[in-house]
């Protein structure tokens, strides 16, 4: 398979955890921490992608530890804030049949950590930096012995 044949569907993560717009910020934060991800797609009840929430979004919405509130008060306030208040509603997406190199360029140029993969308006996966790094790692592992041999060969 050449680089021009690798599609987003070949690399994307299909088992994607999501949150709904009405779920709380602490739930989203807990899910991210447990899954060790930095982004969660936000989907409506019909499966449509309506936004994305990132670690950065959650961090900016946190109540400062310097605020004159008890832990209980801080927790109560945070639980009352829905994900929809901090999510990014204007999300760049990509189709599963798109070339992986196109997705990688979009992610690099716009400094995105992931791209939701959408087909017919429904979320079908996520392409993350980790997915792309796995491809690069595999490709480098395949080419490394050839390069090493070339370096050892005397030039004429």
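In our numbering, the protein residues as written are 314 to 469. Glycine included, each C-beta is placed from N, C-alpha and C at the ideal position.
For residue 328, I'd like the list of residues in its chain whose CB is within less than 7 angstroms of its CB, leaving aside the five on either flank, ordered along the chain.
-> none
Taking only the alpha-carbon atoms, compute the straight-line gap between residue 409 and residue 322 and give it to the nearest angstrom.
-> 5 angstroms
What did DSSP end up calling residue 450 once you bin it into helix, strand or coil?
-> helix
What residue range is occupied by the uninterrupted beta strand (DSSP E) comprising residue 439?
-> 435 to 441
Beta bridge counterpart(s) of residue 401 as assigned by DSSP | 365
Could you tell me which of 420, 361, 400, 406 sits nearest to residue 342, measuring between CA atoms?
-> 400
Start-to-end residues for the alpha helix (DSSP H) that takes in residue 321 | 321 to 324
For residue 419 versus residue 412, is the C-beta distance shorter than 8 angstroms?
-> no
Could you tell me whether the Cβ atoms of residue 338 and residue 436 are closer together than 8 angstroms?
-> no
Simplified DSSP state of residue 414, which is helix, strand or coil | helix
Could you tell me how far apart the beta carbons of residue 344 and residue 355 are, in whole angstroms, since I believe they sit closer than 8 angstroms?
-> Not quite, the Cβ-Cβ distance comes to about 12 angstroms (not below 8 angstroms), so this is no contact.
Is there at least one Cβ from chain D nearer than 8 angstroms to residue 333's Cβ?
-> The structure shown contains no chain D, having only a single protein chain.
Just the Cα atoms here: how many angstroms apart are residue 448 and residue 324?
-> 8 angstroms
Backbone CA spacing between residue 470 and residue 381 [nearest angstrom] = Here the chain has residues from 314 to 469 only, and residue 470 is not among them.
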